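Working notes, structure below.
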Amino acid sequence: VFLSTAAKDAMLEALHKANEEAERHHHRDSHRGDDRRRRKGETLPRILDLDVDCTDVYGRREVDADGKGGAPPTSGKKKDVDTKLPTKRCTVFVSTAMLASSQPVSVLSAAVSSRERISQDKVDATTIAETLDEVREIDGGKGLTDLLFLLYPGNELQTVDDEDILDITIAYLRRVHLFSFYNGCTAATAVGDVLSFSHPAGTIHLRLRDADEILTKMAEEKANQAVTAMAEDGEEKEDSGGAAEDSKPIVPKDMLVTRLNDSIAKALEHGKVLEEQGPSCLIDAETDAIARSIEVAEKETREEWIENHGIHDEDGRARCSFHFCRKLFKDKAFLHKHLLKKHSDQLRAECAKCHDGPMMATWDSDTCRPVPPVLLDCGSKFGLVPSAVKGSDQPSAADPEPELWRKEQERMAEADRLHRERMAAQRAAEEEMRRQQEEANAGEKRKSNFVDPDDMVEEKVELSFVEVVAPPPKKKKKKKKSLL
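To convert a position in the sequence shown, counted from 1, into my numbering, add 1.
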């Protein structure tokens, strides 16, 4: 954050010039025609590509300033080259564009932008900001209350509009506590999340203009629609005993307003919990107690490790006890510095053992273990089913087969019930269709000369074989003889 735009431009200009000089010095053997300097009058690029030296002097145990100790043995005349720390460089990208030009902006709804809502949000936002100031131990004279008195001295604060106080409070929450009021009432863990807009706290919210007028028009339209609907079914309302006269139209609630109210209520409740725990509590009482015990154990381990890795002579000198070092020092104070500087990786490994106990206890009490479950054979019906492993001394995995059979029986019973309901509904539908068909055929039949050959009619026929008259045989025709 710069004091002014001119100070920011001067800083960026100095960074860009220094980077150009460093590049020319680094590539001094390159061609003269390759000039990367920015000409006068040209604007700065959108992204500055800075080459930064990040050589870690203290984090390399294998390199020593005098070429001895933990450093690899040197040979020949390359001692000076071998004892020199290797240069490490990294690239840092600096954006010269204004954040406001790319910062996301969101417009609030009419229900959130109303005057009535602003008054209530001012009280809630001020309460949250004051609670966070107390919990985070903001120094006196730098809190929200002091900021408001600084902006509006004397009795001016009583005459300030609620909207102005709410805007100042929301900006204070976002910049000091990285807290987003209108977007879930959540706080970011780092400033980079806000500046990179990866957290809702980086979003600027704007209120809708003439929100009260819009809400009034919406209420009138809903009232007119309700009156029209009541007039259409007025007869039914009169029959019900005149209940329509006292009834009022039901206005549906805005889902965004409901979610905002829930998030604000949760933030206020969380603030009360933090206030009860006090500023010394970071997460919760149990976790903070474990952290304090780990800190004490690390301190004791560090002192014990330093004492165990030093050999003290009678004349007061001290020697490093590592077999690959064995350096001799004037007294134990220099030995302590040597151990902390050159053998810090062994010390970190020893201090890390202090975390094993609490980590194991937390792992035992955790229901979601960071280990893969085992596969148990539950028969041909279910096959291999994964089961979580629990316990540290005696690890065990619960048998999932009884629970699977119980769920299977419930599923089968539910499927049987649904099948019976479907069959009953199908039989009822068939019975209703047959009844309707019989009623349709029970009426008077249509009279006409048209005979339908496909219409089957039942007739009774009597057959008698007592007097059967056989037909006479046919006479044979005589062949005429041909006369030649």
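Ideal placement from N, C-alpha and C gives every residue a C-beta, glycine not left out.
Predicted, not measured: the structure shown is a model, and the values here were computed from it.
Fill in: Exposed unless 16 or more other CB atoms sit within 10 angstroms - verdict on Pro473
In the sequence shown, counting from the first residue as 1, residue 473 sits at position 472. Result: exposed.
Discussion item. For the pair the stretch 211 to 219 and the stretch 112 to 121, tell me if three or more CB-CB distances fall below 8 Å.
Written reply: Yes, since at least three Cβ pairs between the stretch 211 to 219 and the stretch 112 to 121 fall closer than 8 Å, the two stretches touch.
Item to complete: Taking Lys273 as the reference, give the member of Leu464, Gln427, Glu135 and His17 with the closest Cα.
Response: Locating residue 273 in the sequence shown gives position 272, counting from the first residue. The shortest Cα separation from Lys273 among Leu464, Gln427, Glu135 and His17 belongs to Glu135.
Practice prompt. Could you check how far apart the C-beta atoms of Leu269 and Asp125 are, in whole angstroms? I think they sit under 8 Å.
Written response: Sequence index remark: in the sequence shown, residue 269 carries index 268 (1-based). Sequence index remark: in the sequence shown, residue 125 carries index 124 (1-based). Rounded, the Cβ-Cβ distance is 7 Å, consistent with contact.
Practice prompt. Compare the Cα-Cα distances from Asn309 to each of Glu315, Leu340, Asp168 and Arg412 and report the closest residue.
Written response: Here residue 309 is taken as the residue at index 308 of the sequence shown, counted from 1. Considering only Glu315, Leu340, Asp168 and Arg412, the residue with the shortest C-alpha distance to Asn309 is Leu340.
Worksheet item: Under three-state DSSP, which class holds His32?
Response: Counting from one through the sequence shown, the residue named residue 32 turns up at place 31. Reliability of the predicted coordinates at His32 is poor, the pLDDT of 45 falling under 50, and the value obtained from them is presented with this limitation in mind. Assigned with DSSP and collapsed to three states, His32 falls in coil, not helix or strand.
Discussion item. Buried or exposed for Ala111, going by 16 or more other Cβ atoms inside 10 Å?
Written reply: Here residue 111 refers to the residue found at position 110 of the sequence shown. Its Cβ being crowded by 16 or more others within 10 Å, Ala111 is buried.
Worksheet item: Considering only C-alpha positions, which residue in the set Val195, Ile307 and Asp10 is nearest to Ser345?
Response: The residue labelled residue 345 in the question sits at position 344 within the sequence shown. The residue with the shortest Cα to Cα distance from Ser345 is Ile307.
Worksheet item: The alpha helix (DSSP H) spanning Ser388 covers which residue range?
Response: As a working mapping, residue 388 is identified with position 387 in the sequence shown. Segment Leu385 to Ser388 is the beta strand (DSSP E) holding Ser388; no alpha helix (DSSP H) there.
Worksheet item: Cβ atoms of Cys379 and Ala298: under 8 Å apart, would you say?
Response: Here residue 298 refers to the residue found at position 297 when the sequence shown is read from its first residue. Here residue 379 refers to the residue found at position 378 when the sequence shown is read from its first residue. No, the pair does not count as a contact, with Cβ atoms beyond the cut-off.
Worksheet item: Does DSSP classify Ile312 as helix, strand or coil?
Response: Stepping through the sequence shown from its first residue, residue 312 is reached at position 311. DSSP, reduced to helix, strand and coil, places Ile312 within a strand of the structure shown.
Worksheet item: When the distance is taken between beta carbons, is Val106 closer than 8 Å to Ile205?
Response: If you number the sequence shown from 1, residue 205 lands on position 204. If you number the sequence shown from 1, residue 106 lands on position 105. Yes, these two residues count as a Cβ contact at 8 Å.
Fill in: Candidates Tyr153, Val192, Leu329 and Lys477, of which the one nearest His178 by Cα
In the sequence shown, counting from the first residue as 1, residue 178 sits at position 177. Of the candidates Tyr153, Val192, Leu329 and Lys477, Val192 places its Cα closest to the Cα of His178.
Practice prompt. Count the other CB atoms, across all protein chains shown, that sit within 10 Å of the CB of Phe182; report buried if there are 16 or more and exposed otherwise.
Written response: The count along the sequence shown starts at 1 and reaches residue 182 at position 181. Buried.
Worksheet item: How big is the Cα-Cα spacing for Glu287 and Asp194?
Response: If you number the sequence shown from 1, residue 287 lands on position 286. If you number the sequence shown from 1, residue 194 lands on position 193. Spanning the two alpha carbons is a distance of roughly 29 Å.
Worksheet item: According to DSSP, which residues form a beta bridge with Asp50?
Response: As a first step, residue 50 must be located in the sequence shown, where it is residue number 49. In DSSP, Asp50 forms a bridge with Phe94.
Discussion item. If you follow the beta strand (DSSP E) that Ala471 is in, where does it begin and where does it stop?
Written reply: Here residue 471 corresponds to residue number 470 of the sequence shown, with the count starting at 1. Per DSSP, Ala471 is not a residue of any beta strand (DSSP E), being assigned neither H nor E.
Worksheet item: Where do the ends of the alpha helix (DSSP H) carrying Ala189 lie?
Response: As a first step, residue 189 must be located in the sequence shown, where it is residue number 188. Here Ala189 belongs to no alpha helix (DSSP H), and DSSP marks it neither H nor E.
Fill in: Nearest residue (CA-CA) to Tyr153, options Ala414, Ile166 and Gly141
On the sequence shown, residue 153 is found 152 positions in, with the first residue counted as 1. Scanning Ala414, Ile166 and Gly141 for the CA closest to the CA of Tyr153 turns up Ile166.
Worksheet item: Start and end of the alpha helix (DSSP H) containing Asp125?
Response: To locate residue 125, count along the sequence shown from 1; it is residue 124. Looking at the DSSP string, the run of the alpha helix (DSSP H) that includes Asp125 is Arg116 to Val136.
Discussion item. Quick check: the Cα distance between Gly317 and Ala8, rounded to an integer number of angstroms?
Written reply: Numbered from 1 along the sequence shown, position 316 holds the residue referred to as residue 317. Numbered from 1 along the sequence shown, position 7 holds the residue referred to as residue 8. Near 56 Å, if we compare the C-alpha coordinates of Ala8 and Gly317.
Practice prompt. Would you kindly report the start and end of the unbroken alpha helix (DSSP H) that includes His420?
Written response: Position 419 of the sequence shown, counted from the first residue, corresponds to residue 420. Taken as a continuous stretch (DSSP letters only), the alpha helix (DSSP H) holding His420 covers Glu402 to Asn442.
Worksheet entry | Coil, strand or helix - Asp147 by DSSP | Taking the sequence shown and counting its residues from 1, the one referred to as residue 147 is at position 146. For Asp147, the secondary structure class from DSSP, reduced to helix, strand or coil, is helix.
Practice prompt. Compare the Cα-Cα distances from Arg260 to each of Phe330, Gln104, Glu222 and Cys186 and report the closest residue.
Written response: Locating residue 260 in the sequence shown gives position 259, where the first residue counts as 1. Among Phe330, Gln104, Glu222 and Cys186, the Cα nearest to that of Arg260 belongs to Cys186.
Practice prompt. Put Lys223 into one of helix, strand or coil per three-state DSSP.
Written response: Mapped onto the sequence shown, residue 223 falls at position 222. Of the three classes helix, strand and coil, the one that applies to Lys223 here is helix, per DSSP.
Worksheet item: What is the DSSP secondary structure of Val177, counted as helix, strand or coil?
Response: Walking along the sequence shown from the start, residue 177 turns up at place 176. Helix at Val177.
Worksheet item: Excluding five sequence neighbours on each side, which residues of the same chain lie with their C-beta closer than 6 Å to the C-beta of Phe180?
Response: Residue mapping note: residue 180 aligns to position 179 of the sequence shown, counting from 1. Leu174 and Ala188, listed in sequence order.
Item to complete: Compute the Euclidean distance between the alpha carbons of Ala399 and Val375, then round it to the nearest angstrom.
Response: The residue labelled residue 399 in the question sits at position 398 within the sequence shown. The residue labelled residue 375 in the question sits at position 374 within the sequence shown. Between Ala399 and Val375, the C-alpha separation is close to 10 Å.
Item to complete: Report all residues from its chain with a CB closer than 8 Å to the CB of Pro95; omit the five preceding and five following residues, and keep chain order.
Response: Numbered from its first residue, the sequence shown carries residue 95 at position 94. The sequence shown places Val at residue 95, rather than the Pro named in the question. The beta carbon of Val95 is closer than 8 Å to those of Leu13, Leu16, Ile48, Leu49 and Leu51 in its chain, skipping five residues each way along the sequence.
Fill in: Three-state secondary structure assigned by DSSP to Ala398
Your numbering for residue 398 matches position 397 in the sequence shown. Residue state, collapsed to three classes: strand.
Discussion item. Which residues does DSSP list as the beta-bridge partners of Leu207?
Written reply: Your numbering for residue 207 matches position 206 in the sequence shown. Listed as beta-bridge partners of Leu207 by DSSP are Val108.
Practice prompt. Measure how close the beta-carbons of Gly1 and Lys333 come, nearest whole angstrom, since I'm counting them as under 8 Å.
Written response: For residue 1 there is no data in the structure shown, the boundaries of the chain being 2 and 485.
Fill in: Local conformation of Leu329 per DSSP, three classes
Along the sequence shown, one-based indexing puts residue 329 at 328. DSSP, read as helix, strand or coil, puts Leu329 in strand.
Discussion item. Between which residues of its own chain and Lys478 is the CB-CB distance below 6 Å, once the five residues before and five after are set aside?
Written reply: Working through the sequence shown from its first residue, we reach residue 478 at position 477. Cβ neighbours of Lys478 beyond the five flanking positions: none.
Worksheet item: Is Thr128 near Glu276, with beta carbons less than 8 Å apart?
Response: Here residue 128 is taken as the residue at index 127 of the sequence shown, counted from 1. Here residue 276 is taken as the residue at index 275 of the sequence shown, counted from 1. For Thr128 and Glu276, no; Cβs fall outside 8 Å.
Practice prompt. Tell me, please, which residues DSSP counts as bridged to Cys321.
Written response: Translated into the one-based positions of the sequence shown, residue 321 becomes position 320. Answer is Gly311.
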